[in-house]
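In the numbering used here, the protein residues as written are 203 to 579.
In what follows, a structure is listed as structure tokens, so that the remarks can point back to it.
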């Protein structure tokens, strides 16, 4: 069956369609983009499906994104996407807004225990019984004109995504439907909380092994790298390799020749930014002690693995009761944060990252388990 395709190539047409989409209960939304040598994704196409037709918006020709921004924020229209973290970045970059309420079909599949982290083609095949043509994921979405294959691939995505929502929604209980939207809201909130460059040093591997003065240097290096990547719009590793950060903070090179000895240090980096890096290290290293970061906690010891496994089992048992994919229940980071809050002897505190329905249904059981473990020692 041929798909009805409508192109949107000017601001006025986009504004008219956005008004009519705001009358609908839901729209399916997808993006095609390129991100080869840039920090930010470059939008090549935005697809919208209304359940019958595919609308292809050409972002290279649109200047006024306000009508789409208003649609994204319209609480009366559910926005349906699939595995959407990168799509969200594209939409935020274009419109300054993020979709709400957000229904991610990949999450819905997990809540129905169809599968976890299921690819789009497999989900369409499983739920709709349709075999999709092999993807155009590696093609150039910024070229014009787009090939016929690209256009039909993009249009099919939008139409089948709307069909997926119509098929999955009735299978979800009201509770589970609310939880899918809750997780969607969490994805959006996480992207809204733009990461402060000054906090990135905490994520560097083995950062906990550094002293406080070295951490001050690491903090400035990570923040500088992030800001430069954003302002030059190039990948972080093009500015400074990930593996160079820790040795630079530890040994604090003070000359181009010392910089050259750092792991994975690219000659181009020394040429372009060597002097700035040497000055930055010098400045950060001479900060007064009260401006040094606090020491970072050591990772949980090997012995804690058994406790984590036991806590994860609480989530898995609840997942079995509810018919939800076990991977969706308790996330590893939340469990580690919980354990770190009081290891080894307690008392333990539920971390902020364990929220919503998971906190309500499993929070107390996790605390009880840890309290019991403390008693038995």
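No residue lacks a Cβ here, since even glycine has one placed at the ideal position from N, Cα and C.
By the Cβ rule, the region 513 to 521 does not count as touching the region 486 to 504, because fewer than three pairs are nearer than 8 Å.
The residue among 319, 210, 256 with its C-alpha nearest the C-alpha of residue 269 is 210. A direct Cα-Cα distance of roughly 43 Å separates residue 390 from residue 457. Here residue 234 carries a strand assignment [DSSP, helix/strand/coil]. Put simply, the backbone Cα of residue 328 is about 48 Å away from that of residue 471. In terms of CA proximity to residue 254, 357 leads the group 533, 405, 357. Under the three-state reduction of DSSP, residue 481 is assigned to helix. At least 8 Å separates the beta-carbon of residue 223 from that of residue 260. At a cut-off of 4 residues, the continuous stretches assigned as alpha helix (DSSP H) that sit fully inside the region 471 to 551 are 506 to 524, 534 to 542. Between the beta-carbon of residue 383 and that of residue 503 there is about 38 Å, and that puts the pair past the 8 Å contact cut.
Within the same chain, no residue comes within 7 Å of residue 375 by CB-CB distance, once the 5 residues on both sides are set aside.
When DSSP states are grouped into helix, strand and coil, residue 229 belongs to the strand group. With 16 or more neighbouring CB atoms inside 10 Å of its own CB, residue 306 falls in the buried class. Proximity to residue 558 across 344, 386, 317, 335 peaks at 386, based on C-alpha coordinates. Counting C-beta atoms within 10 angstroms of its own C-beta, residue 312 has 16 or more neighbours from the protein chains shown and is therefore classed as buried. Annotated three-state conformation of residue 205 is coil, per DSSP. Taking a cut-off of 8 Å on C-beta distances, the region 391 to 406 does not touch the region 320 to 336, as fewer than three cross pairs fall below it.
One alpha carbon belongs to residue 263, the other to residue 299, and they sit about 19 Å apart. Rounded to whole angstroms, residue 420 and residue 403 show a C-alpha spacing of 6 Å. A residue is called buried when at least 16 other Cβ atoms come within 10 angstroms of its Cβ; residue 448 meets this threshold and is buried.
Relative to the Cα of residue 204, the nearest Cα in the group 283, 309, 347, 355 belongs to 355.
In the structure shown, residue 464 adopts coil according to DSSP, grouped into three states. Across the structure, residue 322 and residue 247 are spaced so that their CA atoms are roughly 18 Å apart. With fewer than three CB-CB distances shorter than 8 Å, the region 504 to 515 does not count as touching the region 410 to 426. Residues 269, 270, 272, 273 of the same chain have their beta carbon placed closer than 8 Å to that of residue 220, with the five preceding and five following residues left out of the count. A straight line joining the alpha-carbon of residue 415 with that of residue 485 spans about 11 Å. Between residue 412 and residue 452 a beta carbon distance of about 6 Å is seen, short of the 8 Å cut, so the two are scored as contacting.
Each residue's CA atom was taken as its position, placing residue 505 and residue 244 some 45 Å apart. Residues of the same chain with a CB within less than 6 Å of the CB of residue 301, apart from the 5 flanking positions on each side, are 274, 281 in chain order.
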